[in-house]
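>
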Amino acid sequence: DGGITQSPKYLFRKEGQNVTLSCEQNLNHDAMYWYRQDPGQGLRLIYYSQIVNDFQKGDIAEGYSVSREKKESFPLTVTSAQKNPTAFYLCASRTFSGNTIYFGEGSWLTVV
Amino acid sequence: AQSVTQLDSQVPVFEEAPVELRCNYSSSVSVYLFWYVQYPNQGLQLLLKYLSGSTLVKGINGFEAEFNKSQTSFHLRKPSVHISDTAEYFCAVINPTGNNNDMRFGAGTRLTVKP
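These protein sequence lines are chains A and B, in that order. Number 36 in the numbering used here belongs to position 36 of the first sequence; there are no gaps in the numbering. Heads up, the numbering used here is the position in the second sequence plus 1000, with the first residue counted as 1.
#1: Please list the partners that B:G1043 has in chain A, where partner means a Cβ-to-Cβ separation under 7 Å.
#2: Run down chain B in chain order and give the residues with a C-beta less than 9 Å from the C-beta of A:Q41.
#3: Would the beta-carbon of B:L1048 fall within 7 Å of that of B:Y1036?
#4: Can you give the Cα-Cα distance for A:I4 and A:N26, rounded to whole angstroms?
#5: Measure the Cβ-Cβ separation of B:D1085 and B:V1057 and say whether it is below 7 Å.
#6: Compare the Cα-Cα distances from B:A1092 to each of B:Q1042, B:P1040, B:F1067 and report the closest residue.
#7: Can you tell me which of B:L1111, B:E1088, B:L1076 puts its alpha carbon nearest to the alpha carbon of B:L1033?
#8: Under 7 Å Cβ-Cβ, which residues of chain A neighbour B:P1096?
#9: Going by Cα to Cα distance, which pick from B:R1022, B:P1012, B:T1072 is closest to B:H1082?
#10: According to a CB-to-CB cut-off of less than 9 Å, which residues of the segment 1005 to 1036 of chain B neighbour chain A?
#11: Using beta-carbon positions only, say whether A:A92 and A:D38 come within less than 7 Å of one another.
#12: Taking just the CA atoms, how far does A:Y89 sit from B:L1007?
#13: Determine the direct distance from the alpha carbon of B:L1021 to that of A:G63, and round the result to whole angstroms.
#14: Between the Cα of A:G106 and the Cα atoms of A:Y33, A:S65, A:S97, A:E72, which residue gives the shortest distance?
#15: So, using beta-carbon positions, are A:L43 and B:F1063 closer together than 7 Å?
#16: In chain order, what residues of the segment 1045 to 1073 of chain B put their CB closer than 8 Å to some CB of chain A?
#17: Quick one: which unbroken beta strand (DSSP E) runs of 3-plus residues sit fully inside the segment 42 to 93 of chain A? Chain order, please.
#18: Could you tell me how far apart the beta carbons of B:P1018 and B:P1079 are, in whole angstroms, since I believe they sit closer than 8 Å?
#19: I'd like the ranges of any beta strand (DSSP E) spanning at least 3 consecutive residues and lying wholly in the segment 1077 to 1106 of chain B.
#20: Let's test the definition: count the other Cβ atoms within 10 Å of the Cβ of B:E1088 and tell me whether it reaches 16, buried, or not, exposed.
#21: Measure the alpha-carbon distance for A:Y10 versus A:V52 and round it to whole angstroms.
#22: Please identify the residue among A:S22, A:P85, A:G40, A:F55 whose C-alpha is closest to the C-alpha of A:P75.
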């Protein structure tokens, strides 16, 4: 089935460690996004990519990094520079001409 | 830039009662409007969307929304809710002529359906 797969679903890391969240889509979508969700704050855009080897910062990019080496993959690295990384992370995608963003199932990151 | 305000952070309602979740947007250009639903520990699922044409939009699970340009609103309604409708609902707006990053979400409304 076509869709967006995020892994892992749950991730625990110690403070000071980098961690990478995986996002893979087989929808042949051009653009991909990473959002962060905190209770009561809705979704905030971290990074987005419109084409391979190109990506742009969103509203809260500090402490995060991404890569887009393949059209179907858009991994997010949460670095030790991110002050409060514990959150729910959502990956999404859409076509250039499409008007709807589709979401993965999300990944919970807890830093202890 | 466009923005979205969801007027209620929480809406409790009894089963089989009607419900309205309110959403207002601001934008200097024409926009597309969306409602998404999120069940616990899951991603967002599209409920319905308004692009153009008829201002009354029907979506999945018996939900509908009405686009009101003069009031810049896009309220979500259901005539009779079920326990299974308990979830977080997000209103979103996108500028169709803008960049691919230009989708904005409201803070969400938690709908709790009580027996």
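The C-beta atom is built at its ideal place from N, Cα and C for all residues, glycine as well.
In terms of the structure at hand:
#1: L90, F103, G104, E105, G106
#2: A1107, G1108
#3: no
#4: 7 Å
#5: no
#6: B:F1067
#7: B:L1076
#8: N99
#9: B:P1012
#10: Q1006, S1009, Y1032, F1034, Y1036
#11: no
#12: 24 Å
#13: 35 Å
#14: A:Y33
#15: no
#16: Q1045, L1046, K1049, L1051
#17: 43 to 51, 54 to 57, 64 to 66, 76 to 78
#18: 5 Å
#19: 1087 to 1094, 1103 to 1105
#20: buried
#21: 27 Å
#22: A:S22
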